[in-house]
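Working notes, structure below.
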Amino acid sequence: RAVIESLDCANADFWKHWIRPGARVFVGSNAAAPHALVARMLEHYRVLTDVEMLHILTIGGAPWSEPRYRDHLRTNSLFLGPTSRDAVMRGDAEYTPCFLSEVPGLFLDGVLPLDVALVQVTPPDEHSYCSLGVSVDIVSAACRAARVVIAQVNPRMPRTLGQSFLHVRDVDVLWEHEAEIPEIESPRLDDTTLRIGRHVALLIDDESTLQ
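In terms of our numbering, the sequence shown opens at residue 1011 and continues consecutively.
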């Protein structure tokens, strides 16, 4: 695979080249969703045709599921977050229920073949390995299964260890862009929520393990 260092993605021809009509595009997960990279793609959505955006939860929203993109992009969510749930309710997106543990197999066995993976990684180390950072989950399998991998290289992404590494030779495009990692803010607790919590607490023994 050819690696293009520090490429500026603000070009319609770039997206038209890498994302072909009918492509299935995976978007990285949770707090590692590459929102800056996707924003560049959405600037040129009119050059894209019949593209499926596939993802699980993406912290920071799923703007590609907004109604204005429906004639070019269609969303298939494997997990319903607030934004994707609204899109499904409007009829602008699809929901494919699936156990998270089964998703890597769907990618690697070709049940859900991936054409492009848009992910976010750390800068490469001295051995040319990037880390997938705070969200390895199904992203690692997506990178192995996708025909094309486009990575936003973010120096603010925490470097995690274990099976989180991606070598630059396995990336088609590296785009350097620094951005904040999105966070989930703690919700404000109202009286109803506190009453529910008290009822639930009666059912849970001390020192229990919760999922």
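Note that CB positions come from ideal geometry on N, CA and C, so glycine has one too.
Cα-Cα separation between residue i and residue j, rounded to whole angstroms
i	j	result
aspartate 1200	threonine 1068	26 Å
leucine 1047	aspartate 1215	45 Å
lysine 1026	leucine 1176	25 Å
proline 1197	glycine 1207	14 Å
serine 1218	glutamate 1195	25 Å
valine 1159	arginine 1080	24 Å
serine 1174	leucine 1220	25 Å
proline 1168	alanine 1049	22 Å
arginine 1095	valine 1121	24 Å
Collapsed DSSP secondary structure at residue i in the structure displayed
i	result
isoleucine 1066	coil
glutamate 1188	coil
leucine 1019	It should be noted that the sequence gives cysteine, not leucine, for residue 1019. Three-state DSSP puts cysteine 1019 in coil, outside helix and strand.
arginine 1034	strand
leucine 1128	strand
serine 1138	coil
Beta bridge counterpart(s) of residue i as assigned by DSSP
i	result
asparagine 1086	Leu1064, Glu1104
asparagine 1164	DSSP, once it has assigned bridges, lists no residue as partnering asparagine 1164.
leucine 1176	Cys1140
Contact check, residue i vs residue j, beta carbons under 9 Å
i	j	result
proline 1044	glycine 1071	no
glutamate 1060	proline 1077	A small fix is needed here, since residue 1060 is aspartate in this sequence, not glutamate. Contact: no.
alanine 1097	valine 1131	no
arginine 1166	alanine 1151	no
arginine 1154	aspartate 1180	yes
leucine 1142	alanine 1042	yes
CB contact below 9 Å: residue i versus chain C
i	result
serine 1039	No chain C is present in this structure, which holds just one protein chain.
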